[in-house]
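Visitor: Below are the structure tokens for one structure; questions will follow.
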Amino acid sequence: MSIDKKTLDYVAHLARIELTGAELEKLSFQLQGILDFIEKLNSLNTENVACTSHILPLANISREDLGKDSLSSEKVLENAPQKQGVFFAVPQVIE
Amino acid sequence: MTELNALTCHELIEKIEKKESTAKDIAVSLEERIKAIDLLINAYVRKDGLSLSRAVTESSAELRGIPVSIKDNICTEAINTECCSKILSGFKPPYDATVIKKLKAAGANILGIKTNMDEFAFGSSTENSCFGASHNPWNLDCVVGGSSGGSAAAVAADEAICALGTDTGGSIRQPAAFCGVVGLKPTYGRVSRYGLIAFASSLDQIGPITKDVRDSALITKVISGHDPLDSTSVESAVPDYTQVLGREIKDLLVGLPREYFVQGLDAEVKSALDEAINKLKSLGAVFQEISLPHTTYAVPVYYIVATAEASSNLARFDGVQYGYRAQSQKQKAQNLIQMYKQTRGEAFGEEAKRRILLGTFVLSHGYYDAYYLKALKVRTLIKQDFDRAFSECDCIITPTSPTPAFVIGEKAQDPLKMYLSDIYTISANLAGIPAISIPCGFSKRGIPVGMQIQAKPFAEDVLFQLAYAYEQNTPWHKMKPKL
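Chains A and B are the protein sequences, given in the same order.
Okay, so the first sequence: first residue is -5 according to the numbering used here, each after it adds one.
Okay, so the second sequence: first residue is 10 according to the numbering used here, each after it adds one.
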């Protein structure tokens, strides 16, 4: 499979990363090389093989729905690049 | 007399118990060492205004106030934790990771400066750090390995007593091998990841980097155990790993995977391994050849699974809650999406972008089945290889890395070449098994070589037993770089 600049531009949009023209050029070339290498997996027949997304035999972990202590909003907001009152401030979302 | 900073945890604990020194003395000695040599090594980041000794407290708990150095991706309350990335610049966590709480409860002092790493642990050389590469204490022109390169270099150069690193595809073991120290990746689920800034959640583990095997057993015991805050941590009792040290290894069955001793393995690494195997044979271990037939697929599986998970985990860095936000957006922004894109475009390094984009691609519509699902299936085959192997032997021995530490810059422009340097370590993460790297000799140029021992899940005790027996019968762990 191939990853050209147009595909990479779209993937970069999905990943919310702005790329420069030079980056698009370099990364599409490098990613193509990595994808060619990954193609190796296609030589294996995996028709009857189950997926392993996780190594432990864990099912959902649940606990009693009880309130616990949490961080204060002052503490949570300490690292915010921009805040307003007790909120994170972001550029306008709705026109 | 050996300086305090050059000693191990267990030696220092003994000294403190005999009232020959204090935690404060140790911190002062470390601080002097860091000030004297870290300009050469760059094992620590953000070290301006360093004053370790001021905040140190004595403790009567197990670790007696010994300072522990922490990788820059493990949250330490009120101490900058930035994953060596511009996008987390200025981030001071509002809480401690569980491993930090456990170390403190056991009497450790947590250093106020963090160790260098590849940005978000993406790398095998610590060259992808926004603070610049670390330099190998055995040869300053060489890399320290990665991604926990700062932790390994600090321990090797006696700028740390011991350190924590993290291992997603070899990031504890490979730098430990490159720097001539001991690095353990525990079983997946053994150590809580609460407060670890996630890279690939089905692979990440936290583990110790130490000067010898006894310290590794000691620190592993302290940081292990179930944590309700990490649902992947396992409820299984934590043994006192130091109890197995000194137990003889007669009749221990060791597998040698034939797929690991092939073309691409450096001749000096191979001969160091051969000698180590002979030494272990003389101590009574029994060797047999085994097969891990899907070894060659581990790197491609890893670079699909790890990047897919990373692309999802790193979505949280968007300039809203912490860290960097694109400057032009601070005044009057056009829209939110543009702010995200600009922030991430400006603040992620090159390797981070490469991995997020690759991960996004393999998860995207039309490619998901061909790449991501395929990789999950092959991961099953890799895991089954190990299940079969451990029905025949107690542990597996391999080189940690196909070559000793390479020269800084040598692989920086070829990502695929860099990825292949993880070829011996990646499988343990995919299969969730524990693995340790210990020094087993030197190349002709005087650069350390590491040996990896792997065991079945939760059999860390077997790793420590074998590693300790080897270490106590060889001189490697006593050797120090000339700085």
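Idealized CB from N, CA, C, for every residue including glycine.
Leaving out five residues before and five after residue 476 of chain B in sequence, what residues of the same chain have Cβ atoms less than 8 Å from its Cβ?
Guide: If you number the second sequence from 1, residue 476 of chain B lands on position 467. Answer for residue 476 of chain B: 191, 222, 225, 445, 447 and 462, listed in chain order.
Visitor: Could you give the distance in angstroms between the alpha-carbon of residue 247 of chain B and the alpha-carbon of residue 168 of chain B?
Guide: Counting from 1 along the second sequence, the entry for residue 247 of chain B is found at position 238. Counting from 1 along the second sequence, the entry for residue 168 of chain B is found at position 159. Cα to Cα, the separation comes out at about 29 Å.
Visitor: Can you confirm whether residue 309 of chain B, when its beta carbon is compared against all beta carbons of chain A, has any partner nearer than 9 Å?
Guide: Taking the first residue of the second sequence as position 1, residue 309 of chain B is located at position 300. So, interface residue.
Visitor: Among A:71, A:64, A:50 and A:70, whose alpha-carbon lies nearest the alpha-carbon of residue 244 of chain B?
Guide: On the second sequence, position 235 is the one that residue 244 of chain B refers to. That would be A:50, whose Cα lies nearest to the Cα of residue 244 of chain B.
Visitor: What residues are listed by DSSP as bridge partners for residue 179 of chain B?
Guide: As a working mapping, residue 179 of chain B is identified with position 170 in the second sequence. Residue 179 of chain B pairs with nothing; no bridge assigned.
Visitor: On a CA-only basis, which of B:210, B:401 and B:310 is nearest residue 295 of chain B? Give me that one, please.
Guide: The residue given as residue 295 of chain B occupies position 286 in the second sequence. Checked all of B:210, B:401 and B:310; the closest Cα to residue 295 of chain B is B:401.
Visitor: When Cβ atoms are compared, which residues of the stretch 95 to 122 of chain B fall closer than 8 Å to chain A?
Guide: Those would be 99, 100, 101, 103 and 104, in chain order.
Visitor: Residue 442 of chain B by DSSP, collapsed to three states: which one?
Guide: Position 433 of the second sequence, counting from 1, holds the residue named residue 442 of chain B. Note: residue 442 of chain B maps to coil in three-state DSSP.
Visitor: Starting from residue 410 of chain B, follow the alpha helix (DSSP H) in both directions and report where the run begins and ends.
Guide: The residue labelled residue 410 of chain B in the question sits at position 401 within the second sequence. Run containing residue 410 of chain B: none; DSSP gives neither H nor E here.
Visitor: Name the DSSP bridge partner or partners of residue 463 of chain B?
Guide: Position 454 of the second sequence holds residue 463 of chain B. Per DSSP, B:405 and B:444.
Visitor: Between the C-alpha atoms of residue 118 of chain B and residue 76 of chain B, what's the straight-line distance to the nearest angstrom?
Guide: The residue labelled residue 118 of chain B in the question sits at position 109 within the second sequence. The residue labelled residue 76 of chain B in the question sits at position 67 within the second sequence. If I take the Cα positions, the gap works out to 4 Å.
Visitor: According to DSSP, simplified to helix, strand and coil, what is residue 449 of chain B?
Guide: Along the second sequence, one-based indexing puts residue 449 of chain B at 440. Three-state DSSP puts residue 449 of chain B in a strand.
Visitor: Tell me whether residue 194 of chain B sits in a helix, a strand or coil according to DSSP, three-state version.
Guide: Your numbering for residue 194 of chain B matches position 185 in the second sequence. Three-state result, residue 194 of chain B: strand.
Visitor: Is the number of C-beta pairs between the stretch 13 to 31 of chain A and the stretch 277 to 285 of chain B that are closer than 8 Å three or more?
Guide: Contact between the stretch 13 to 31 of chain A and the stretch 277 to 285 of chain B is absent, because fewer than three Cβ pairs lie under 8 Å.
Visitor: Let me know the secondary structure DSSP gives residue 73 of chain A once reduced to three states.
Guide: Numbered from its first residue, the first sequence carries residue 73 of chain A at position 79. Of the three classes helix, strand and coil, the one that applies to residue 73 of chain A here is coil, per DSSP.
Visitor: Using the Cβ count rule (16 or more neighbours within 10 Å means buried), how would you classify residue 374 of chain B?
Guide: Locating residue 374 of chain B in the second sequence gives position 365, where the first residue counts as 1. The residue is exposed, with fewer than 16 neighbouring Cβ atoms inside 10 Å.
Visitor: For residue 365 of chain B, return the contacting residues in chain A, with the cut-off set at a CB-CB distance below 8 Å.
Guide: Taking the first residue of the second sequence as 1, we reach residue 365 of chain B at position 356. Neighbours of residue 365 of chain B on chain A, chain order: 9 and 11.
Visitor: Output needed for residue 371 of chain B: all residues of its chain with C-beta closer than 6 Å, excluding positions within five of it in sequence on either side, in chain order.
Guide: Residue mapping note: residue 371 of chain B aligns to position 362 of the second sequence, counting from 1. The residues are 313, 317, 380 and 381.
Visitor: Pull up the CB-CB distance for residue 303 of chain B and residue 387 of chain B, whole angstroms please, since I reckon it's below 8 Å.
Guide: As a first step, residue 303 of chain B must be located in the second sequence, where it is residue number 294. As a first step, residue 387 of chain B must be located in the second sequence, where it is residue number 378. Yes, residue 303 of chain B and residue 387 of chain B are in contact; Cβ-Cβ is about 7 Å, under 8 Å.
Visitor: Would you say residue 43 of chain A lies against chain B (beta-carbon separation less than 9 Å)?
Guide: As a first step, residue 43 of chain A is located in the first sequence; it is residue number 49 there, counting from the start. For residue 43 of chain A, the answer is yes, since a Cβ of chain B falls inside 9 Å of its Cβ.
Visitor: Examine chain B for any beta-carbon lying closer than 9 Å to the beta-carbon of residue 52 of chain A, and answer yes or no.
Guide: The residue given as residue 52 of chain A occupies position 58 in the first sequence. Yes, residue 52 of chain A lies at the interface with chain B (some Cβ there is under 9 Å from its Cβ).
Visitor: Suppose you measure from the CA of residue 340 of chain B to the CA of residue 85 of chain A; what does that come to, to the nearest Å?
Guide: Position 331 of the second sequence, counting from 1, holds the residue named residue 340 of chain B. Position 91 of the first sequence, counting from 1, holds the residue named residue 85 of chain A. Residue confidence is low: residue 340 of chain B scores 49 on pLDDT, short of 50, so the model does not pin down where it sits. Its coordinate-derived value is still stated next. Approximately 9 Å between the Cα atoms of the pair.
Visitor: Throw me the rounded Cβ distance for the residue 207 of chain B and residue 124 of chain B pair, which I believe falls under 8 Å.
Guide: In the second sequence, residue 207 of chain B corresponds to position 198, counting from 1. In the second sequence, residue 124 of chain B corresponds to position 115, counting from 1. In fact, because the Cβ distance is near 18 Å, the residues do not count as touching under 8 Å.
Visitor: Consult DSSP for residue 233 of chain B and reduce its assignment to one of helix, strand or coil.
Guide: The sequence position of residue 233 of chain B within the second sequence is 224, counting from 1. Residue state, collapsed to three classes: strand.
Visitor: Within 10 angstroms of the Cβ of residue 137 of chain B, are there 16 or more other Cβ atoms? Answer buried if so, exposed if not.
Guide: To locate residue 137 of chain B, count along the second sequence from 1; it is residue 128. So residue 137 of chain B ends up on the buried side.
Visitor: Tell me whether residue 18 of chain B sits in a helix, a strand or coil according to DSSP, three-state version.
Guide: The residue given as residue 18 of chain B occupies position 9 in the second sequence. Note: residue 18 of chain B maps to helix in three-state DSSP.
Visitor: When the Cβ atoms of the stretch 102 to 112 of chain B are set against those of the stretch 342 to 351 of chain B, are three or more pairs found closer than 8 Å?
Guide: Judged by Cβ distances under 8 Å, the stretch 102 to 112 of chain B makes no contact with the stretch 342 to 351 of chain B, as fewer than three pairs qualify.
Visitor: Residue range of the beta strand (DSSP E) that residue 251 of chain B falls in?
Guide: The sequence position of residue 251 of chain B within the second sequence is 242, counting from 1. Where residue 251 of chain B is concerned, there is no enclosing beta strand (DSSP E), given that its DSSP letter is neither H nor E.
Visitor: Counting only Cβ pairs nearer than 9 Å, list the residues of chain B close to residue 78 of chain A.
Guide: Translated into positions along the first sequence, residue 78 of chain A becomes position 84. None at all; the shortest Cβ gap to chain B is about 12 Å.
Visitor: So which residues of chain A does residue 479 of chain B contact, with C-beta pairs closer than 9 Å?
Guide: Against the second sequence, residue 479 of chain B aligns to sequence position 470. Residues of chain A passing the Cβ test: none, with the nearest at roughly 28 Å.
Visitor: Taking C-beta pairs closer than 8 Å, name the residues in chain B that residue 90 of chain A reaches, listed in chain order.
Guide: A question about residue 90 of chain A goes unanswered here, because the residues of chain A that appear run from -5 up to 89.
Visitor: Kindly list, in the order they appear in chain B, the residues whose Cβ is closer than 9 Å to that of residue 65 of chain A.
Guide: As a working mapping, residue 65 of chain A is identified with position 71 in the first sequence. Neighbours of residue 65 of chain A on chain B, chain order: 103 and 104.
Visitor: In the DSSP assignment, what are the bridge partners of residue 53 of chain B?
Guide: As a working mapping, residue 53 of chain B is identified with position 44 in the second sequence. Looking at the DSSP assignment, residue 53 of chain B forms a beta bridge with B:124.
Visitor: Using a Cβ-Cβ cutoff of less than 8 Å, which residues in the same chain neighbour residue 73 of chain B once the five nearest sequence positions on both sides are dropped?
Guide: Here the question's residue 73 of chain B lines up with position 64 in the second sequence. If we look at residue 73 of chain B and ignore the five residues flanking it on each side, its Cβ neighbours are 21, 22, 25, 26, 32, 67 and 116.
Visitor: What is the DSSP secondary structure of residue 290 of chain B, counted as helix, strand or coil?
Guide: Within the second sequence, residue 290 of chain B is the residue found at index 281, counting from 1. DSSP places residue 290 of chain B in helix when its eight states are reduced to three.
Visitor: Does residue 336 of chain B pass the burial test, meaning 16 or more other C-beta atoms within 10 Å, or should it be called exposed?
Guide: By one-based count along the second sequence, residue 336 of chain B stands at place 327. The residue in question, residue 336 of chain B, is exposed, as its Cβ has fewer than 16 Cβ neighbours within 10 Å.
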